[in-house]
């Protein structure tokens with residue numbers, strides 16, 4: 075975090091020179107418990123793939139243990155696709171409807187493929203009230219927040235949210251330019267004391283103190299369904315490994331983009347899909 079704290083400008087370019095000193099070095103005597111236990115709450119009927127993508131990205135980013143909480147219908151697909159992940163099964167066949175015991179987890183990610191069923195909205199509200207671990211919100215978790223804007227004030231300080239432009243607009247209002255959107259992003263990050271990652275070309279991450287970190291990796295080939303789910307998994311993994319929320323957001327966005335660049339170089343931007351981003355993750359800067 076020291077390297078980030080030393081950045082005093084309101085706009086900081088995120089490069090490998092900034093990210094490299096932030097990366098943790100694995101000790102020879104470490105074990106899976108050293109690298110944290112993440113909880114991912116994801117998936118609903120018709121959106122199981124988002125849970126699979128986010129789960130795999132989380133594990134490929136170095137987490138020690140991952141438990142994915144999902145509806146009963148998604149249990150078998152995850153067990154087959156990613157046997158390394160543990161499963162917490164919701165009482166509902168189709169959606170997130172109950173908050174599991176949160177005590178074992180170092181970090182929580184919620185949103186990929188979640189849906190917006192009434193029972194999911196209720197469960198998300200309970201999660202916000204009960205969670206003591208660092209959190210990252212994405213996708214339908216953000217769409218639910220957009221329909222219940224008073225809940226924003228109850229998000230724990232330094233919670234990370236990762237909206238794409240339309241999700242950002244639903245949360246905070248329409249703007250006429252990228253510049254206006256960044257100013258609104260800064261205002262909201264400071265108001266709610268949260269970390270806002272506004273996805274897109276040159277993704278911007280704004281911290282609660284108003285500093286804006288502008289990402290330098292990524293390409294248009296990443297504009298494909300599931301790319302955001304992969305980013306959620308990466309950030310969740312870093313949070314569980316006890317990176318600070320600020321570090322997890324900035325490093326996660328950078329590594330996500332760098333993997334996308336590697337995938338595009340190998341496959342071409344038109345041919346790459348979200349799962350390819352995970353395949354090319356590489357934290358060896």
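Numbering (the working numbering), first residue to last: 75 to 359.
Every residue, glycine too, gets a C-beta built ideally from N, C-alpha and C.
In chain order, 273 place their CB closer than 6 Å to the CB of residue 238, counting only its own chain and leaving out the 5 sequence neighbours on each side. Residue 161: member of the beta strand (DSSP E) spanning 160-163, first to last residue. Taking residue 332 as the centre and dropping the five residues before and after it, the same chain places the C-beta of 291 closer than 7 Å to its C-beta, in chain order. Residue 87 has 288 as its beta-bridge partners, per DSSP. Residue 214 sits close to residue 185, with the two beta carbons spaced by under 8 Å. Residue 124 is positioned such that its CB atom lies no closer than 8 Å to that of residue 142.
The beta carbons of residue 117 and residue 145 sit closer together than 8 Å. Judged by DSSP secondary structure, residue 182 falls within the beta strand (DSSP E) whose first and last residues are 181-184.
Straight-line spacing of the CA atoms in residue 189 and residue 357 works out to 32 Å.
Non-local beta-carbon contacts of residue 162 in its own chain, meaning distances under 6 Å to residues more than five positions away in sequence, involve 141, 143 and 174 in chain order.
Taking the Cβ atoms as the reference, residue 187 lies roughly 7 Å from residue 122, within the contact range of under 8 Å. Selection 297, 230 and 112 evaluated against residue 177 yields 112 as nearest (Cα-Cα). Rounded to whole angstroms, the separation of the alpha carbons of residue 217 and residue 147 is 23 Å. Check the Cα spacing between residue 219 and each of 300, 329, 201 and 206: the tightest is with 201. Taken through DSSP and simplified to helix, strand or coil, residue 357 comes out as coil.
Fewer than three pairs of CB atoms, one per stretch, sit closer than 8 Å, so the segment 334-346 makes no contact with the segment 309-319.
Rounded to whole angstroms, residue 89 and residue 156 show a C-alpha spacing of 32 Å.
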